[in-house]
Amino acid sequence: MVFTKTYSAPPINQKEILRYLGGDKSEQTSELICDCLKELGDRLKYRVCYCELSVAINQNECDFSVFRLKSKDLAKNLNGSRRIILFAATVGVEIDRLIAKYGKISPTKALVFQAIGSERAEALCNLFCADMEKAYSAKAKPRFSPGYGDLELSCQKQIFSVLLPERKLGITLSDGMLMFPTKSVTAFVGLK
Amino acid sequence: MKFKDFLKENIVCLDGGMGTLLQERGLKLGEYPERWNLTHAEEITDIHKAYYNAGSNVVSTNTFGANSLKFSDAELEEIVKAAVLNAKKAKEQADNTKERFIALDIGPTGKLLKPLGDLDFEDAVEIFAKTVRLGVKYGVDLIFIETMNDSYETKAALLAAKENCDLPVLVSNAYNEDKKLMTGATPDAMVAMLEGMGADAIGANCSLGPAQLKGVIETLLEKASVPIILKPNAGLPRSENGKTVFDITVDEFSLEVVNLIKKGVRVVGGCCGTTPKYINALCDKIKDLTPVEITPKNLTVVSSFTHSVEFGKKSVLIGERINPTGKKRFKQALLENDISYILSEGVKQQEKGVDILDVNVGLPEINEALMLKTAVCELQAVTDLPLQIDTSDIAAMEEALRRYNGKAMINSVNGKRASIDSVFKLVKKYGGVVVALTLDENGIPATAEERFEIAQKILSAAKSYGIDKKDIIFDPLALTISADNNAGAVTLKAVRKIKNELGCHTSLGVSNISFGLPNRDAINGTFFALALENGLSAAIMNPYSADMMKTYYTYNALKGLDENCNEYIASAEQFVTSVTAETKSANTLESSYSDCQGAIIKGLRERSAEATKQLLLTRSPLDIINSEIIPALNVVGKGYEEKHIYLPQLLMSAEAAKAAFEVIKASAPQKETANEQNAIVIATVRGDIHDIGKNIVKLLFENYGFKVVDLGKDVPAEVILEKVLELNAKVVGLSALMTTTVCEMEKTIALIKKKAPFCRVIVGGAVLTKEYAEKIGADKYAKDAMEGVRYAGELLKT
Numbered sequence: 001m002v003f004t005k006t007y008s009a010p011p012i013n014q015k016e017i018l019r020y021l022g023g024d025k026s027e028q029t030s031e032l033i034c035d036c037l038k039e040l041g042d043r044l045k046y047r048v049c050y051c052e053l054s055v056a057i058n059q060n061e062c063d064f065s066v067f068r069l070k071s072k073d074l075a076k077n078l079n080g081s082r083r084i085i086l087f088a089a090t091v092g093v094e095i096d097r098l099i100a101k102y103g104k105i106s107p108t109k110a111l112v113f114q115a116i117g118s119e120r121a122e123a124l125c126n127l128f129c130a131d132m133e134k135a136y137s138a139k140a141k142p143r144f145s146p147g148y149g150d151l152e153l154s155c156q157k158q159i160f161s162v163l164l165p166e167r168k169l170g171i172t173l174s175d176g177m178l179m180f181p182t183k184s185v186t187a188f189v190g191l192k
Numbered sequence: 001m002k003f004k005d006f007l008k009e010n011i012v013c014l015d016g017g018m019g020t021l022l023q024e025r026g027l028k029l030g031e032y033p034e035r036w037n038l039t040h041a042e043e044i045t046d047i048h049k050a051y052y053n054a055g056s057n058v059v060s061t062n063t064f065g066a067n068s069l070k071f072s073d074a075e076l077e078e079i080v081k082a083a084v085l086n087a088k089k090a091k092e093q094a095d096n097t098k099e100r101f102i103a104l105d106i107g108p109t110g111k112l113l114k115p116l117g118d119l120d121f122e123d124a125v126e127i128f129a130k131t132v133r134l135g136v137k138y139g140v141d142l143i144f145i146e147t148m149n150d151s152y153e154t155k156a157a158l159l160a161a162k163e164n165c166d167l168p169v170l171v172s173n174a175y176n177e178d179k180k181l182m183t184g185a186t187p188d189a190m191v192a193m194l195e196g197m198g199a200d201a202i203g204a205n206c207s208l209g210p211a212q213l214k215g216v217i218e219t220l221l222e223k224a225s226v227p228i229i230l231k232p233n234a235g236l237p238r239s240e241n242g243k244t245v246f247d248i249t250v251d252e253f254s255l256e257v258v259n260l261i262k263k264g265v266r267v268v269g270g271c272c273g274t275t276p277k278y279i280n281a282l283c284d285k286i287k288d289l290t291p292v293e294i295t296p297k298n299l300t301v302v303s304s305f306t307h308s309v310e311f312g313k314k315s316v317l318i319g320e321r322i323n324p325t326g327k328k329r330f331k332q333a334l335l336e337n338d339i340s341y342i343l344s345e346g347v348k349q350q351e352k353g354v355d356i357l358d359v360n361v362g363l364p365e366i367n368e369a370l371m372l373k374t375a376v377c378e379l380q381a382v383t384d385l386p387l388q389i390d391t392s393d394i395a396a397m398e399e400a401l402r403r404y405n406g407k408a409m410i411n412s413v414n415g416k417r418a419s420i421d422s423v424f425k426l427v428k429k430y431g432g433v434v435v436a437l438t439l440d441e442n443g444i445p446a447t448a449e450e451r452f453e454i455a456q457k458i459l460s461a462a463k464s465y466g467i468d469k470k471d472i473i474f475d476p477l478a479l480t481i482s483a484d485n486n487a488g489a490v491t492l493k494a495v496r497k498i499k500n501e502l503g504c505h506t507s508l509g510v511s512n513i514s515f516g517l518p519n520r521d522a523i524n525g526t527f528f529a530l531a532l533e534n535g536l537s538a539a540i541m542n543p544y545s546a547d548m549m550k551t552y553y554t555y556n557a558l559k560g561l562d563e564n565c566n567e568y569i570a571s572a573e574q575f576v577t578s579v580t581a582e583t584k585s586a587n588t589l590e591s592s593y594s595d596c597q598g599a600i601i602k603g604l605r606e607r608s609a610e611a612t613k614q615l616l617l618t619r620s621p622l623d624i625i626n627s628e629i630i631p632a633l634n635v636v637g638k639g640y641e642e643k644h645i646y647l648p649q650l651l652m653s654a655e656a657a658k659a660a661f662e663v664i665k666a667s668a669p670q671k672e673t674a675n676e677q678n679a680i681v682i683a684t685v686r687g688d689i690h691d692i693g694k695n696i697v698k699l700l701f702e703n704y705g706f707k708v709v710d711l712g713k714d715v716p717a718e719v720i721l722e723k724v725l726e727l728n729a730k731v732v733g734l735s736a737l738m739t740t741t742v743c744e745m746e747k748t749i750a751l752i753k754k755k756a757p758f759c760r761v762i763v764g765g766a767v768l769t770k771e772y773a774e775k776i777g778a779d780k781y782a783k784d785a786m787e788g789v790r791y792a793g794e795l796l797k798t
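Which chain is which? The protein sequence lines are A and B, in order. Quick note, in this note's numbering, the first sequence goes up one by one and the last residue is 192. Quick note, in this note's numbering, the second sequence goes up one by one and the last residue is 798.
As structure tokens, then:
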């Protein structure tokens, strides 16, 4: 069964945003980030859908019973987990609107919104994983997403067929296996 | 009985959830439920039958995800055929005496539409059309479009249904806790669009329980003149000892739904987590209820993909600046296909406070239908304001209305027979509020009475097309008082007469009143105030005019339309601060540079534009470019290459330089300031939709005086080649972000090398490296925009 959760906005980590911008510490850039955050306001939504999976690990293959994935690195990551959570998370479509808008009229702001969006999506994933740790009184391993290591991006299809994030959160998959809204993440998390 | 007749007189009960019941019967996670129509036909029939027996008047076929994206055409036909057959069997076998109907169930495609996603609007229409045609072929009674979380996709589905059948269409959306769709539309915006397009009932389903959907339903009831649908989940799911439970009971569910039926909901049912038990309990409670009568709301409303704008409260401001008439710089932008310029006009007007943007891109030299479609699509990516489609070209009007995500304002129809026939047909099909000019074959009448007569004639014609009075806004035409002293008085009288005697809203192109006179703003502002006092509902106007905006804010404050004078106070501050802000930023400039250079180095857009204006009084454009702008850019560019300036700062300076160039262009639009010899074609290759990097490159190339032709993103190799040949471009810049599209880049390079060997190819993008670039045959790998600029500069110098 797939569950849906909505979170309130995690605190903003300006340092992370600056890191995504290549380490720029100038006053102008900081001011610009502030302007962009102000424009962003509370337009983002922090939503996750997830389910619990069981896994049988066979050398290079993870058999989740609902589907199987060939990946040595994922197998290594999940090995020894008591529970496995598969999730999809998104901060919604508004950040894409801002990136698209400024892409046409102010590439600087588009770049900053891009960085903010990445920071927000990461923050949401961290929040969700911490929440799972608490709910299951367990320690979460580093999360593992399609495209990491030898895990093919094409496994998004299987992940989507189980989580149905199109319906739960409005995350869709392109033919090239990219997600829209773009600031979305799918990942496995092993709980020790 | 026909479903439409049944809907008129009764509370209609739909069915409940399908997914949960299928999972109980063994449907696995990841398995397509639609295939069960073929493999588990009896089970599907059983579920439908259980709903009919529980009291449902309508069951929906098991075709939620049955579309040509998921299934081949042949399998799709088999699935829909079997699904309808399964429902028909259940309809025959059910043993209650209620009216029973079958709805073709249509859910979202699972793709997000452009510009946010990758599915083209027309492709979406065709995907839905295929399923609709099959449903009709196999004999459903109605179409049920449900769980749509994007307004644009909802429009595509409804359009497909309307274009392919005459069956009733029910449309239901999935709203979030914030009472909006995932892509931002409010319930009132959805009512405007869906009612305009002729949906037979509209509503909300899935995502939440009946209690959480109450607010959405109340808005729908308040705004809609068609029956309202409520098909909620059985509350919210949670896990209990490994089992899924929903958080409200059968009783609570039916009670909450019944409460909303008493408020006016006419079509009910259940979504995720509901079972025949829920429907049974609901039907038990419904049977003694009398349906609440549905009353026409008579609201004049347009909408965008996020919100609606209602006429009749405060006057509605329609920004007139996206229009080439009398604007050299805008004409030039249209001829050069400079979409960014048009878009920035949209954004600037929104910042000034307009409610709607008029979009007129007609020029004899260009393909207006194509340009208007492009402008409408692109504007919808940068602004959430409703648009007013302004054209006399009917083909262009249809292209734009089709692609418009919402209920548009249409400018315009008039009393001529040909205009009435062509425009009203489109209004009926796509919905819209249409501006009707009070002129006809005999021209513009001199008196208010005659203009009023034309208005009456237009109204009766609208009625014959089934277009409601509320969707017509009359423009009794403001003509210049410099030609006829009485013109203002006549127009004001016509505004008053139309409002009082026809009960219709009015709009005026206010600025026309002063044509030919000096200090036009003064006349315009006063005329605007007079027109408002005579009942004007909307004005097509120039929001950059301080006089007009002052009139607007002061009028609202004086008439009690501005609570606590809040908007007036905010606007007053705006008029004062714009001066002081500039003075302040000027003080912070570094003294070793000129004003213009300092502004560019610091990345101050307004300041650099202002400084350039000053310089133009005494120096030539070329001199300013060569001895002010370029040196300043070089300072920043060098700093970036030496790594003590970062990308955001580089870009801020580039934008400030662009603002300076914009001033120069506006001062001498005929003279080509960029060198034609320096034409560069740039594009993101086919299959890739990332364009931030490409836009950065474009900006910097423009700064350094190159004429950049930006073909956009997802561009086929052939289109790029065609442009290169057309312009004889010596340099092409290609961008790709994804590994999957690098092969497309390779293909594009091969094509250019073969057909345009004179052209050098620069490539860039996150996935590329120098080695990779060499491997796919590129002439140059640029690690960033500055490197690209330097390379192109060297190349074009020789």
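Built from N, CA and C at the ideal position, the CB exists for glycine as well.
Measuring straight from C-alpha to C-alpha, what distance separates residue i and residue j?
i                 : j                 : result
Lys499 of chain B : Thr306 of chain B : 29 Å
Leu213 of chain B : Gly431 of chain B : 27 Å
Ala138 of chain A : Cys155 of chain A : 27 Å
Ile99 of chain A  : Tyr791 of chain B : 28 Å
Thr583 of chain B : Val302 of chain B : Low confidence applies here, because Thr583 of chain B scores a pLDDT of 46, under 50, leaving its location unreliable; read the following figure in that light. One C-alpha to the other measures close to 41 Å.
Leu517 of chain B : Ile523 of chain B : 9 Å
Ser60 of chain B  : Leu170 of chain B : 11 Å
Ile85 of chain A  : Phe188 of chain A : 6 Å
Asp73 of chain B  : Asp714 of chain B : 27 Å
Leu220 of chain B : Asn205 of chain B : 13 Å
Ala174 of chain B : Lys287 of chain B : 27 Å
Tyr465 of chain B : Ile394 of chain B : 17 Å
Asp95 of chain B  : Ile102 of chain B : 16 Å
Gly793 of chain B : Ala778 of chain B : 17 Å
Is residue i buried or exposed, if buried means 16 or more other CB atoms sit within 10 Å of its CB?
i                 : result
Cys34 of chain A  : exposed
Pro881 of chain B : Coverage of chain B is limited to positions 1 through 798, which leaves residue 881 of chain B absent and any answer about it impossible.
Glu177 of chain B : exposed
Ala570 of chain B : exposed
Thr295 of chain B : exposed
Phe758 of chain B : exposed
Between which two residues does the beta strand (DSSP E) containing residue i stretch?
i                 : result
Val93 of chain A  : Looking at the DSSP string, Val93 of chain A is not in any beta strand (DSSP E), and its letter there is neither H nor E.
Ala729 of chain B : No beta strand (DSSP E) holds Ala729 of chain B; DSSP gives it neither H nor E.
Confirm, please, whether the CB-CB distance from residue j to residue i is below 8 Å.
i                 : j                 : result
Gly16 of chain B  : Gly269 of chain B : yes
Gly198 of chain B : Pro543 of chain B : no
Ile720 of chain B : Glu746 of chain B : no
Val226 of chain B : Ile202 of chain B : yes
Ser24 of chain B  : Asn62 of chain B  : Before going further, note that residue 24 of chain B is Glu rather than Ser in the sequence given. It is not a contact, given that the beta carbons lie outside the stated cut-off.
Leu437 of chain B : Asp468 of chain B : no
Arg82 of chain A  : Lys192 of chain A : yes
Ala89 of chain A  : Cys125 of chain A : yes
Cys13 of chain B  : Ile356 of chain B : no
With residue i as the anchor, note down where its alpha helix (DSSP H) starts and where it stops.
i                 : result
Asp484 of chain B : Run containing Asp484 of chain B: none; DSSP gives neither H nor E here.
Thr20 of chain B  : Gly19 to Glu24
Enumerate, from N- to C-terminal direction, the unbroken beta strand (DSSP E) stretches of 3 or more residues contained entirely within the segment 8 to 79 of chain A.
46 to 53, 56 to 58, 61 to 63 and 68 to 70
Inside the segment 227 to 293 of chain B only - beta strand (DSSP E) runs reaching at least 3 residues
228 to 231, 237 to 240 and 243 to 246
Segments of 3+ residues assigned as beta strand (DSSP E) that fall wholly inside the segment 81 to 146 of chain B:
101 to 106
What runs of the alpha helix (DSSP H), each 4 residues or longer, lie entirely inside the segment 622 to 648 of chain B?
630 to 641
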